[in-house]
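Trainee:
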Amino acid sequence: MHNTLAMILAGGVGSRLNILVKLRAKPAVPFGGIYRIIDFAMSNVMNSGLTRVAVLTQYKPLSLMGHIGDGSAWDLAGRTREVKILPPRTGEEDSDWYKGTADAVRQNLDFIESRPSEQVLILSGDHVYHMDYRDMVRFHKRIGAKVTVAMMTVPWEQTSQFGIGILDDTGRIVDWEEKPQKAKSNLASMGIYVFDTDYLMHSLKTTTETDFGHHILPKALSDGELYGYIFNGYWRDVGTVQAYWEAHQDMLDPSSELDPGTWGIVTNVENGAPPYDLPPARIPPGARIQGSAISAGCIIKGSVINSVLSPGVVVEEGALVKDSIIMHGSRVEKGAVVTKVIADKAVVFGAGSRIGNPDAEQINQEFPKHLVSGITMVGKWAEIPARAEVGGNCIIWPKVSREDWKGLKVPDGHTLRPA
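Put into C-alpha coordinates, the structure is as follows:
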(Lines of atoms letter the chains of each structure in order from A and count residues from 1; the text may use other names and numbers.)
(Lines give C-alpha, C1' and ligand atoms only; values in the text may rest on other atoms or scores of the structure.)
Protein backbone atom coordinates (compact mmCIF):
# COMPACT_ATOMS: atom_id res chain seq x y z
CA MET A 1 0.00 0.00 0.00
CA HIS A 2 3.06 2.28 -0.15
CA ASN A 3 1.87 3.49 -3.58
CA THR A 4 -1.54 4.56 -2.25
CA LEU A 5 -2.22 7.96 -0.68
CA ALA A 6 -5.26 8.31 1.62
CA MET A 7 -7.36 11.45 1.98
CA ILE A 8 -10.06 11.59 4.67
CA LEU A 9 -12.85 14.10 4.11
CA ALA A 10 -13.68 15.44 7.58
CA GLY A 11 -15.00 18.93 6.96
CA GLY A 12 -18.77 18.46 6.82
CA VAL A 13 -21.09 20.36 9.16
CA GLY A 14 -23.18 17.28 10.01
CA SER A 15 -26.13 19.45 11.01
CA ARG A 16 -28.52 16.47 11.26
CA LEU A 17 -26.70 15.46 14.46
CA ASN A 18 -28.12 18.65 15.94
CA ILE A 19 -26.54 19.78 19.23
CA LEU A 20 -23.78 17.15 19.07
CA VAL A 21 -22.10 19.27 16.38
CA LYS A 22 -22.70 22.72 17.82
CA LEU A 23 -19.26 22.72 19.44
CA ARG A 24 -17.31 20.22 17.32
CA ALA A 25 -16.90 18.75 13.84
CA LYS A 26 -19.04 15.71 13.04
CA PRO A 27 -16.04 13.30 12.81
CA ALA A 28 -15.00 14.45 16.31
CA VAL A 29 -18.34 13.42 17.88
CA PRO A 30 -17.76 10.79 20.61
CA PHE A 31 -18.91 7.27 19.83
CA GLY A 32 -19.13 4.01 21.73
CA GLY A 33 -17.94 5.33 25.07
CA ILE A 34 -14.24 5.87 24.39
CA TYR A 35 -13.96 6.58 20.66
CA ARG A 36 -14.68 9.39 18.21
CA ILE A 37 -16.31 8.75 14.86
CA ILE A 38 -13.14 9.48 12.90
CA ASP A 39 -11.32 6.74 14.82
CA PHE A 40 -12.94 4.17 12.52
CA ALA A 41 -11.48 5.64 9.31
CA MET A 42 -8.12 6.32 10.98
CA SER A 43 -7.91 2.79 12.39
CA ASN A 44 -8.95 1.24 9.08
CA VAL A 45 -6.13 3.21 7.45
CA MET A 46 -3.66 1.92 10.04
CA ASN A 47 -4.87 -1.66 9.85
CA SER A 48 -4.69 -1.59 6.02
CA GLY A 49 -1.01 -0.69 6.02
CA LEU A 50 -1.37 2.86 4.68
CA THR A 51 1.34 5.25 5.82
CA ARG A 52 0.50 8.62 4.22
CA VAL A 53 -2.78 10.28 5.14
CA ALA A 54 -4.32 13.73 4.76
CA VAL A 55 -7.33 14.83 6.82
CA LEU A 56 -9.31 17.61 5.18
CA THR A 57 -10.99 19.75 7.84
CA GLN A 58 -13.25 22.78 7.74
CA TYR A 59 -16.12 23.15 10.24
CA LYS A 60 -15.13 23.70 13.91
CA PRO A 61 -11.90 21.72 13.47
CA LEU A 62 -10.16 22.43 16.78
CA SER A 63 -11.21 19.34 18.74
CA LEU A 64 -10.67 17.14 15.69
CA MET A 65 -7.17 18.50 15.12
CA GLY A 66 -6.30 18.03 18.78
CA HIS A 67 -7.60 14.48 18.71
CA ILE A 68 -5.58 13.47 15.65
CA GLY A 69 -2.43 15.17 16.90
CA ASP A 70 0.68 13.91 15.13
CA GLY A 71 -0.94 10.58 14.28
CA SER A 72 1.06 8.56 16.80
CA ALA A 73 -2.04 6.82 18.11
CA TRP A 74 -2.46 5.21 14.70
CA ASP A 75 1.27 4.63 14.07
CA LEU A 76 1.34 7.46 11.53
CA ALA A 77 4.24 9.48 12.93
CA GLY A 78 7.79 9.03 11.75
CA ARG A 79 10.19 9.62 8.89
CA THR A 80 8.20 7.53 6.40
CA ARG A 81 4.75 7.96 7.97
CA GLU A 82 2.57 11.02 8.33
CA VAL A 83 -0.90 12.38 8.88
CA LYS A 84 -1.38 15.92 7.58
CA ILE A 85 -4.24 18.24 8.56
CA LEU A 86 -5.39 20.24 5.52
CA PRO A 87 -7.79 23.15 6.27
CA PRO A 88 -9.39 25.28 3.53
CA ARG A 89 -7.10 27.90 2.10
CA THR A 90 -9.22 30.95 2.85
CA GLY A 91 -7.77 34.26 1.89
CA GLU A 92 -5.94 32.96 -1.18
CA GLU A 93 -6.92 34.07 -4.66
CA ASP A 94 -9.23 31.59 -6.41
CA SER A 95 -9.93 29.63 -3.25
CA ASP A 96 -12.52 29.73 -0.50
CA TRP A 97 -14.22 27.35 1.90
CA TYR A 98 -14.59 23.87 0.43
CA LYS A 99 -17.66 23.89 -1.82
CA GLY A 100 -17.97 20.11 -1.99
CA THR A 101 -16.07 16.85 -1.73
CA ALA A 102 -14.33 17.18 -5.08
CA ASP A 103 -13.52 20.84 -4.47
CA ALA A 104 -11.90 19.90 -1.16
CA VAL A 105 -9.54 17.52 -2.91
CA ARG A 106 -8.96 19.99 -5.78
CA GLN A 107 -7.77 22.65 -3.33
CA ASN A 108 -5.11 20.20 -2.19
CA LEU A 109 -3.79 18.88 -5.48
CA ASP A 110 -0.36 20.21 -4.57
CA PHE A 111 -0.34 17.85 -1.58
CA ILE A 112 -1.07 14.93 -3.91
CA GLU A 113 1.58 16.05 -6.41
CA SER A 114 4.21 16.36 -3.67
CA ARG A 115 3.66 12.75 -2.59
CA PRO A 116 3.95 10.52 -5.67
CA SER A 117 1.43 7.68 -5.72
CA GLU A 118 -0.30 5.30 -8.10
CA GLN A 119 -3.69 5.51 -6.39
CA VAL A 120 -5.53 7.99 -4.17
CA LEU A 121 -7.96 6.48 -1.67
CA ILE A 122 -10.68 8.96 -0.72
CA LEU A 123 -12.55 8.28 2.51
CA SER A 124 -15.25 9.86 4.63
CA GLY A 125 -14.41 10.60 8.24
CA ASP A 126 -17.94 10.19 9.57
CA HIS A 127 -18.87 6.53 9.04
CA VAL A 128 -18.74 3.61 11.48
CA TYR A 129 -17.33 0.49 9.82
CA HIS A 130 -14.47 -1.97 9.57
CA MET A 131 -12.78 -2.42 6.19
CA ASP A 132 -9.43 -3.59 4.89
CA TYR A 133 -8.76 -1.18 2.05
CA ARG A 134 -6.09 -3.49 0.60
CA ASP A 135 -8.78 -5.73 -0.86
CA MET A 136 -10.43 -2.80 -2.63
CA VAL A 137 -7.13 -1.47 -4.00
CA ARG A 138 -6.21 -4.94 -5.28
CA PHE A 139 -9.60 -5.20 -7.00
CA HIS A 140 -9.10 -1.76 -8.55
CA LYS A 141 -5.69 -2.69 -9.94
CA ARG A 142 -6.70 -6.19 -11.08
CA ILE A 143 -9.54 -4.98 -13.32
CA GLY A 144 -7.61 -1.96 -14.57
CA ALA A 145 -10.13 0.60 -13.33
CA LYS A 146 -9.55 4.34 -13.27
CA VAL A 147 -12.17 4.86 -10.55
CA THR A 148 -13.59 2.29 -8.12
CA VAL A 149 -16.47 2.94 -5.73
CA ALA A 150 -17.08 0.81 -2.62
CA MET A 151 -20.73 -0.27 -2.66
CA MET A 152 -23.08 -2.29 -0.51
CA THR A 153 -26.71 -3.35 -0.53
CA VAL A 154 -29.03 -1.12 1.53
CA PRO A 155 -32.77 -1.35 2.28
CA TRP A 156 -34.84 0.02 -0.60
CA GLU A 157 -36.42 2.66 1.61
CA GLN A 158 -32.96 4.16 2.24
CA THR A 159 -31.85 4.44 -1.39
CA SER A 160 -32.80 8.13 -1.63
CA GLN A 161 -29.98 8.87 0.82
CA PHE A 162 -27.17 7.45 -1.35
CA GLY A 163 -25.56 7.37 -4.74
CA ILE A 164 -26.97 4.26 -6.44
CA GLY A 165 -25.23 2.18 -9.11
CA ILE A 166 -26.04 -0.67 -11.49
CA LEU A 167 -23.17 -3.03 -12.35
CA ASP A 168 -22.59 -5.39 -15.26
CA ASP A 169 -21.00 -8.83 -14.93
CA THR A 170 -17.47 -7.40 -15.01
CA GLY A 171 -18.07 -4.97 -12.12
CA ARG A 172 -18.30 -1.96 -14.41
CA ILE A 173 -20.93 0.58 -13.29
CA VAL A 174 -23.28 1.10 -16.25
CA ASP A 175 -25.79 3.45 -14.60
CA TRP A 176 -25.53 5.91 -11.72
CA GLU A 177 -28.14 7.91 -9.80
CA GLU A 178 -27.27 10.33 -7.03
CA LYS A 179 -29.86 10.17 -4.22
CA PRO A 180 -32.78 9.20 -6.50
CA GLN A 181 -36.37 9.46 -5.32
CA LYS A 182 -37.17 6.18 -7.08
CA ALA A 183 -34.06 4.05 -7.41
CA LYS A 184 -33.43 1.37 -10.04
CA SER A 185 -31.11 -0.54 -7.67
CA ASN A 186 -30.37 -0.78 -3.97
CA LEU A 187 -26.61 -1.02 -4.42
CA ALA A 188 -25.35 2.11 -2.69
CA SER A 189 -22.11 4.04 -2.62
CA MET A 190 -20.30 4.04 0.73
CA GLY A 191 -18.46 7.26 -0.07
CA ILE A 192 -15.16 5.39 -0.46
CA TYR A 193 -13.31 5.82 -3.75
CA VAL A 194 -10.05 4.61 -5.30
CA PHE A 195 -8.75 6.80 -8.14
CA ASP A 196 -5.78 6.29 -10.34
CA THR A 197 -3.78 9.36 -9.38
CA ASP A 198 -3.30 10.62 -12.94
CA TYR A 199 -7.00 10.25 -13.71
CA LEU A 200 -7.98 12.09 -10.52
CA MET A 201 -5.57 14.94 -11.24
CA HIS A 202 -6.86 15.28 -14.80
CA SER A 203 -10.50 15.12 -13.73
CA LEU A 204 -10.14 17.86 -11.13
CA LYS A 205 -7.93 20.12 -13.25
CA THR A 206 -10.22 20.06 -16.28
CA THR A 207 -13.49 20.90 -14.52
CA THR A 208 -14.74 23.24 -11.83
CA GLU A 209 -17.43 20.81 -10.64
CA THR A 210 -17.49 20.48 -6.87
CA ASP A 211 -18.89 17.07 -5.84
CA PHE A 212 -17.76 13.50 -6.45
CA GLY A 213 -21.20 11.90 -6.37
CA HIS A 214 -22.99 14.48 -8.47
CA HIS A 215 -20.22 15.38 -10.92
CA ILE A 216 -16.96 13.41 -10.97
CA LEU A 217 -18.39 9.87 -10.82
CA PRO A 218 -20.96 10.50 -13.62
CA LYS A 219 -18.10 11.78 -15.79
CA ALA A 220 -16.10 8.60 -15.07
CA LEU A 221 -19.22 6.61 -15.95
CA SER A 222 -19.46 8.36 -19.31
CA ASP A 223 -15.79 7.59 -19.89
CA GLY A 224 -16.47 3.91 -19.19
CA GLU A 225 -13.98 4.01 -16.32
CA LEU A 226 -16.25 3.58 -13.27
CA TYR A 227 -16.30 0.25 -11.37
CA GLY A 228 -17.95 -0.99 -8.20
CA TYR A 229 -16.32 -2.98 -5.39
CA ILE A 230 -18.92 -4.91 -3.36
CA PHE A 231 -18.50 -4.75 0.43
CA ASN A 232 -20.39 -7.17 2.69
CA GLY A 233 -19.37 -6.12 6.20
CA TYR A 234 -20.83 -3.72 8.75
CA TRP A 235 -21.07 -0.08 7.68
CA ARG A 236 -23.30 2.70 8.92
CA ASP A 237 -23.55 6.38 8.14
CA VAL A 238 -24.20 7.89 11.58
CA GLY A 239 -25.17 11.26 10.17
CA THR A 240 -28.58 11.44 11.83
CA VAL A 241 -29.61 11.31 15.47
CA GLN A 242 -31.59 8.12 14.82
CA ALA A 243 -28.70 6.38 13.02
CA TYR A 244 -26.27 7.45 15.74
CA TRP A 245 -28.51 5.99 18.46
CA GLU A 246 -29.15 2.80 16.44
CA ALA A 247 -25.41 2.25 15.89
CA HIS A 248 -24.93 2.28 19.67
CA GLN A 249 -27.72 -0.26 19.98
CA ASP A 250 -25.87 -2.40 17.43
CA MET A 251 -22.74 -2.17 19.55
CA LEU A 252 -24.66 -3.53 22.54
CA ASP A 253 -26.19 -6.37 20.53
CA PRO A 254 -24.02 -9.52 20.77
CA SER A 255 -25.41 -10.70 17.42
CA SER A 256 -24.34 -7.50 15.64
CA GLU A 257 -21.12 -7.25 13.65
CA LEU A 258 -20.28 -3.89 15.25
CA ASP A 259 -17.38 -4.65 17.60
CA PRO A 260 -14.72 -1.91 17.77
CA GLY A 261 -12.45 -3.96 20.03
CA THR A 262 -12.33 -6.97 17.74
CA TRP A 263 -11.96 -4.67 14.73
CA GLY A 264 -8.80 -3.15 16.17
CA ILE A 265 -10.23 0.38 16.44
CA VAL A 266 -7.95 2.64 18.47
CA THR A 267 -8.27 6.20 19.70
CA ASN A 268 -5.91 8.91 20.86
CA VAL A 269 -5.53 8.59 24.62
CA GLU A 270 -2.82 11.25 24.87
CA ASN A 271 -4.59 14.44 23.81
CA GLY A 272 -5.81 15.22 27.31
CA ALA A 273 -9.47 15.81 26.46
CA PRO A 274 -11.24 12.74 27.87
CA PRO A 275 -10.24 11.21 31.22
CA TYR A 276 -8.79 7.99 29.86
CA ASP A 277 -6.36 7.81 32.77
CA LEU A 278 -9.18 7.27 35.28
CA PRO A 279 -9.20 4.12 37.43
CA PRO A 280 -11.44 1.15 36.60
CA ALA A 281 -15.18 1.58 36.98
CA ARG A 282 -16.56 1.21 40.50
CA ILE A 283 -19.70 -0.89 40.85
CA PRO A 284 -20.55 -1.42 44.55
CA PRO A 285 -23.05 -4.00 45.83
CA GLY A 286 -26.64 -3.10 45.02
CA ALA A 287 -25.88 -1.60 41.62
CA ARG A 288 -27.51 -3.13 38.55
CA ILE A 289 -25.96 -3.25 35.08
CA GLN A 290 -27.62 -5.06 32.21
CA GLY A 291 -26.61 -5.18 28.53
CA SER A 292 -24.49 -2.04 28.76
CA ALA A 293 -21.00 -0.74 28.01
CA ILE A 294 -19.35 0.97 30.98
CA SER A 295 -16.07 2.90 30.61
CA ALA A 296 -13.22 3.54 33.02
CA GLY A 297 -13.81 5.98 35.84
CA CYS A 298 -17.56 5.40 36.01
CA ILE A 299 -19.21 5.03 39.41
CA ILE A 300 -22.45 3.05 39.23
CA LYS A 301 -24.58 2.88 42.36
CA GLY A 302 -27.96 2.83 40.60
CA SER A 303 -29.17 0.92 37.51
CA VAL A 304 -27.84 1.04 33.94
CA ILE A 305 -29.75 -0.92 31.30
CA ASN A 306 -28.99 -1.17 27.58
CA SER A 307 -26.86 1.98 27.64
CA VAL A 308 -23.37 3.24 26.74
CA LEU A 309 -21.49 5.28 29.33
CA SER A 310 -18.28 7.18 28.55
CA PRO A 311 -15.45 7.63 31.08
CA GLY A 312 -16.21 9.34 34.36
CA VAL A 313 -20.01 9.04 34.37
CA VAL A 314 -21.60 8.82 37.82
CA VAL A 315 -24.98 7.16 38.41
CA GLU A 316 -26.04 7.71 42.01
CA GLU A 317 -28.21 5.57 44.29
CA GLY A 318 -31.73 4.94 43.05
CA ALA A 319 -31.03 6.46 39.64
CA LEU A 320 -31.88 4.65 36.40
CA VAL A 321 -30.26 5.05 32.97
CA LYS A 322 -31.99 3.07 30.22
CA ASP A 323 -31.57 2.91 26.42
CA SER A 324 -29.28 5.94 26.59
CA ILE A 325 -25.87 7.30 25.58
CA ILE A 326 -24.21 9.32 28.35
CA MET A 327 -20.90 11.01 27.61
CA HIS A 328 -17.81 11.90 29.61
CA GLY A 329 -18.09 13.29 33.12
CA SER A 330 -21.88 13.46 33.32
CA ARG A 331 -23.71 12.88 36.60
CA VAL A 332 -27.09 11.26 37.17
CA GLU A 333 -28.08 12.22 40.70
CA LYS A 334 -30.12 10.23 43.21
CA GLY A 335 -33.47 8.99 42.00
CA ALA A 336 -33.18 10.49 38.50
CA VAL A 337 -34.62 8.45 35.60
CA VAL A 338 -33.01 8.87 32.17
CA THR A 339 -34.68 6.99 29.30
CA LYS A 340 -33.71 7.03 25.60
CA VAL A 341 -31.49 10.07 25.99
CA ILE A 342 -28.32 11.14 24.19
CA ALA A 343 -26.40 13.35 26.64
CA ASP A 344 -23.20 15.17 25.71
CA LYS A 345 -20.27 15.72 28.09
CA ALA A 346 -20.52 17.11 31.64
CA VAL A 347 -24.33 17.06 31.89
CA VAL A 348 -25.95 17.11 35.33
CA PHE A 349 -29.28 15.33 35.79
CA GLY A 350 -30.69 16.68 39.04
CA ALA A 351 -31.96 14.43 41.81
CA GLY A 352 -35.40 13.01 41.14
CA SER A 353 -35.59 14.37 37.59
CA ARG A 354 -37.39 12.43 34.85
CA ILE A 355 -35.80 12.77 31.42
CA GLY A 356 -37.15 11.17 28.25
CA ASN A 357 -40.36 9.64 26.94
CA PRO A 358 -39.78 6.94 24.29
CA ASP A 359 -43.52 6.85 23.55
CA ALA A 360 -43.76 10.55 22.68
CA GLU A 361 -45.96 11.17 19.63
CA GLN A 362 -45.11 14.87 19.30
CA ILE A 363 -42.01 15.27 17.13
CA ASN A 364 -39.61 18.09 17.88
CA GLN A 365 -41.29 21.32 16.85
CA GLU A 366 -38.08 23.20 16.05
CA PHE A 367 -36.30 20.31 14.32
CA PRO A 368 -39.09 18.09 12.92
CA LYS A 369 -36.71 15.98 10.81
CA HIS A 370 -34.16 15.35 13.59
CA LEU A 371 -36.17 13.98 16.51
CA VAL A 372 -39.18 11.83 15.68
CA SER A 373 -38.75 8.49 17.50
CA GLY A 374 -38.79 9.54 21.16
CA ILE A 375 -35.06 10.29 21.56
CA THR A 376 -34.25 13.29 23.77
CA MET A 377 -30.94 15.15 23.49
CA VAL A 378 -29.12 17.06 26.22
CA GLY A 379 -26.24 19.34 25.25
CA LYS A 380 -22.76 19.73 26.65
CA TRP A 381 -22.53 21.35 30.10
CA ALA A 382 -26.31 21.46 30.47
CA GLU A 383 -27.87 21.35 33.93
CA ILE A 384 -31.24 19.79 34.67
CA PRO A 385 -32.71 20.82 38.02
CA ALA A 386 -33.88 18.41 40.70
CA ARG A 387 -37.39 17.04 40.05
CA ALA A 388 -37.50 18.47 36.52
CA GLU A 389 -39.49 16.60 33.85
CA VAL A 390 -38.39 16.49 30.21
CA GLY A 391 -40.44 14.62 27.60
CA GLY A 392 -39.49 12.75 24.44
CA ASN A 393 -38.19 14.29 21.21
CA CYS A 394 -36.92 17.19 23.32
CA ILE A 395 -33.67 19.15 23.15
CA ILE A 396 -31.94 20.75 26.10
CA TRP A 397 -29.41 23.11 24.52
CA PRO A 398 -25.71 23.15 25.49
CA LYS A 399 -24.85 25.31 28.51
CA VAL A 400 -28.43 25.51 29.76
CA SER A 401 -28.10 26.33 33.46
CA ARG A 402 -30.56 25.90 36.30
CA GLU A 403 -31.31 29.62 36.02
CA ASP A 404 -32.59 29.12 32.44
CA TRP A 405 -35.48 26.95 33.63
CA LYS A 406 -38.68 28.98 34.03
CA GLY A 407 -40.45 25.91 35.35
CA LEU A 408 -39.66 22.28 35.93
CA LYS A 409 -41.30 20.77 32.85
CA VAL A 410 -40.34 20.58 29.16
CA PRO A 411 -43.21 18.89 27.25
CA ASP A 412 -42.76 16.36 24.43
CA GLY A 413 -41.29 17.90 21.29
CA HIS A 414 -40.05 21.14 22.91
CA THR A 415 -36.60 22.73 23.00
CA LEU A 416 -35.04 24.64 25.89
CA ARG A 417 -32.26 27.12 25.12
CA PRO A 418 -30.16 29.32 27.39
CA ALA A 419 -31.85 32.61 28.25
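Using our numbering, the first residue of the sequence shown is number 21, and each one after it goes up by one. Backbone N, C-alpha and C fix where the C-beta goes; we use that ideal spot for every residue, glycine too. Computed from a predicted model, the values in this text were never measured in an experiment.
Tell me the DSSP bridge mates of Phe-51?
Mentor: As a position in the sequence shown, residue 51 is number 31, starting the count at 1. Per DSSP, Tyr-55.
Trainee: For Phe-440, which residues from the same chain have a beta carbon less than 6 Å from its beta carbon, with the 5 sequence-adjacent residues on both sides left out?
Mentor: Coverage of the chain is limited to positions 21 through 439, which leaves residue 440 absent and any answer about it impossible.
Trainee: Name the two residues that bound the continuous alpha helix (DSSP H) containing Thr-217.
Mentor: Residue mapping note: residue 217 aligns to position 197 of the sequence shown, counting from 1. Run containing Thr-217: 217-225, per the alpha helix (DSSP H) assignment.
Trainee: Once you ignore the five residues that flank Gly-31 on each side, which residues in its own chain have a CB closer than 7 Å to its CB?
Mentor: The residue given as residue 31 occupies position 11 in the sequence shown. Excluding positions up to five away in sequence, the list reads Leu-76, Thr-77, Gln-78, Tyr-79, Tyr-118 and Ala-124.
Trainee: Which residues bound the alpha helix (DSSP H) around Thr-444?
Mentor: With the chain covering only 21 through 439, there is no way to say anything about residue 444.
Trainee: Which residues share a DSSP beta bridge with Arg-101?
Mentor: Position 81 of the sequence shown, counting from 1, holds the residue named residue 101. Beta-bridge pairing links Arg-101 to Gly-98.
Trainee: If you compare alpha carbons, which of Val-157, Leu-82, Met-27 and Ala-208 is closest to Met-21?
Mentor: The count along the sequence shown starts at 1 and reaches residue 21 at position 1. Of Val-157, Leu-82, Met-27 and Ala-208, the residue nearest in Cα terms is Val-157.
Trainee: So, with DSSP's three-state summary, where would you put Lys-342?
Mentor: Here residue 342 corresponds to residue number 322 of the sequence shown, with the count starting at 1. Strand.
Trainee: In the DSSP assignment, find the beta strand (DSSP E) that holds Thr-121 and state where it starts and stops.
Mentor: As a first step, residue 121 is located in the sequence shown; it is residue number 101 there, counting from the start. Per DSSP, Thr-121 belongs to no beta strand (DSSP E); it is in the alpha helix (DSSP H), 121-126.
Trainee: Are the CB atoms of Thr-435 and Ile-415 nearer to each other than 8 Å?
Mentor: As a working note, residue 435 is residue 415 in the sequence shown. As a working note, residue 415 is residue 395 in the sequence shown. Yes, these two residues count as a Cβ contact at 8 Å.
Trainee: Under a Cβ-count criterion, where at least 16 other Cβ atoms within 10 Å of its own Cβ denotes burial, should Ala-402 be classed as buried or exposed?
Mentor: Numbered from 1 along the sequence shown, position 382 holds the residue referred to as residue 402. Buried, since its Cβ has 16 or more Cβ neighbours within 10 Å.
Trainee: Return helix, strand or coil for Gln-139, following the three-state DSSP convention.
Mentor: What you label residue 139 is simply residue 119 of the sequence shown in a count that begins at 1. DSSP places Gln-139 in strand when its eight states are reduced to three.
Trainee: Taking only three categories from DSSP, how would you classify Asp-114?
Mentor: On the sequence shown, residue 114 is found 94 positions in, with the first residue counted as 1. Its pLDDT being 49, under 50, Asp-114 is placed unreliably by the model, and the measurement read from it follows with that caveat. Asp-114 falls in the coil class under three-state DSSP.
Trainee: Taking the alpha-carbon positions, what's the Leu-391 to Asn-128 distance?
Mentor: Your numbering for residue 391 matches position 371 in the sequence shown. Your numbering for residue 128 matches position 108 in the sequence shown. So the alpha carbons of these two residues sit roughly 37 Å apart.
Trainee: To the nearest angstrom, report how far apart Arg-154 and Ser-205 are at their CA atoms.
Mentor: As a first step, residue 154 is located in the sequence shown; it is residue number 134 there, counting from the start. As a first step, residue 205 is located in the sequence shown; it is residue number 185 there, counting from the start. If you take the alpha carbons of Arg-154 and Ser-205, they lie about 27 Å apart.
Trainee: Considering only DSSP beta bridges, list what Phe-369 is partnered with.
Mentor: Residue 369 sits at position 349 when you count from the first residue of the sequence shown. Looking at the DSSP assignment, Phe-369 forms a beta bridge with Val-352 and Ile-404.
Trainee: Using DSSP with H/G/I as helix, E/B as strand and the rest coil, what is Val-211?
Mentor: As a first step, residue 211 must be located in the sequence shown, where it is residue number 191. The amino acid occupying residue 211 in the given sequence is Gly; Val does not appear at that position. Here Gly-211 sits in strand by DSSP.
Trainee: Let me confirm a value: Pro-418 is counted as buried when at least 16 other C-beta atoms fall within 10 Å, else exposed. Which label applies?
Mentor: As a first step, residue 418 is located in the sequence shown; it is residue number 398 there, counting from the start. Buried.
Trainee: Does Pro-274 pass the burial test, meaning 16 or more other C-beta atoms within 10 Å, or should it be called exposed?
Mentor: Residue numbering aside, residue 274 sits at position 254 when the sequence shown is read from its first letter. By the neighbour-count rule (16 or more Cβ atoms within 10 Å), Pro-274 is not buried but exposed.
Trainee: Just to confirm before moving on: does the CB-CB distance between Ser-83 and Arg-36 stay below 8 Å?
Mentor: Stepping through the sequence shown from its first residue, residue 83 is reached at position 63. Stepping through the sequence shown from its first residue, residue 36 is reached at position 16. Contact: no.
Trainee: How many Å lie between Glu-422 and Val-103 at the Cα?
Mentor: Start at 1 with the first residue of the sequence shown, and residue 422 comes out as number 402. Start at 1 with the first residue of the sequence shown, and residue 103 comes out as number 83. Before going on, a small fix: residue 422 reads as Arg here, not Glu. Roughly 43 Å between the two C-alpha positions.
Trainee: Does the count of Cβ pairs from the stretch 282-290 and the stretch 300-310 closer than 8 Å reach three?
Mentor: Counting Cβ pairs under 8 Å, fewer than three are found: no touch.
Trainee: Roughly how many whole angstroms lie between the Cα atoms of Met-66 and Ile-346?
Mentor: Taking the sequence shown and counting its residues from 1, one reaches residue 66 at position 46. Taking the sequence shown and counting its residues from 1, one reaches residue 346 at position 326. C-alpha separation (whole angstroms): 28 Å.
Trainee: For Ile-383 and Val-361, which I take to be in contact (beta-carbon distance under 8 Å), what is that distance rounded to the nearest angstrom?
Mentor: Here the question's residue 383 lines up with position 363 in the sequence shown. Here the question's residue 361 lines up with position 341 in the sequence shown. That pair is no contact at about 16 Å.
Trainee: Taking the alpha helix (DSSP H) that His-87 belongs to, which residues open and close that run?
Mentor: Taking the first residue of the sequence shown as position 1, residue 87 is located at position 67. Element bounds for His-87: 82-88.
Trainee: Assuming contact is defined by CB atoms lying nearer than 8 Å, are Glu-229 and His-235 in contact in what I supplied?
Mentor: Looking up residue 229 in the sequence shown gives position 209. Looking up residue 235 in the sequence shown gives position 215. Yes, the Cβ-Cβ distance between Glu-229 and His-235 is below 8 Å.
Trainee: Apart from the five residues on each side of it in sequence, which residues of its chain come closer than 7 Å, Cβ to Cβ, to Gly-120?
Mentor: The count along the sequence shown starts at 1 and reaches residue 120 at position 100. Only Thr-230 and Asp-231 meet the Cβ criterion.
Trainee: So, are the CB atoms of Val-335 and Gly-317 less than 8 Å apart?
Mentor: On the sequence shown, position 315 is the one that residue 335 refers to. On the sequence shown, position 297 is the one that residue 317 refers to. No; because the gap between Cβ atoms is not below 8 Å, this pair is not in contact.
Trainee: In chain order, which alpha helix (DSSP H) runs of at least 4 residues are fully inside the stretch 249-277?
Mentor: If we require 4 residues or more, the alpha helix (DSSP H) runs fully inside the stretch 249-277 come out as 261-272.
Trainee: With which residues is Lys-429 paired in a DSSP beta bridge?
Mentor: Counting from 1 along the sequence shown, the entry for residue 429 is found at position 409. BP columns for Lys-429 point to Glu-409.
Trainee: Leaving out five residues before and five after Val-430 in sequence, what residues of the same chain have Cβ atoms less than 6 Å from its Cβ?
Mentor: Against the sequence shown, residue 430 aligns to sequence position 410. Closer than 6 Å at the Cβ level, and outside the excluded window around Val-430, lie Val-410, Cys-414 and Leu-436.
Trainee: With contact counted as at least three CB pairs below 8 Å, one residue from each stretch, are the stretch 247-263 and the stretch 186-194 in contact?
Mentor: Contact between the stretch 247-263 and the stretch 186-194 is present, because at least three Cβ pairs lie under 8 Å.
Trainee: Would you check if there are 3 or more beta carbon pairs closer than 8 Å linking the stretch 136-151 to the stretch 174-184?
Mentor: Verdict: no, contact absent.
Trainee: I'd like to check one pair, Phe-251 with Met-210: are the Cβ atoms closer than 8 Å?
Mentor: Counting from 1 along the sequence shown, the entry for residue 210 is found at position 190. Counting from 1 along the sequence shown, the entry for residue 251 is found at position 231. A contact, by the Cβ cut-off of 8 Å.
Trainee: In three-state terms, what does DSSP make of Thr-24?
Mentor: Taking the sequence shown and counting its residues from 1, one reaches residue 24 at position 4. Three-state DSSP puts Thr-24 in a strand.
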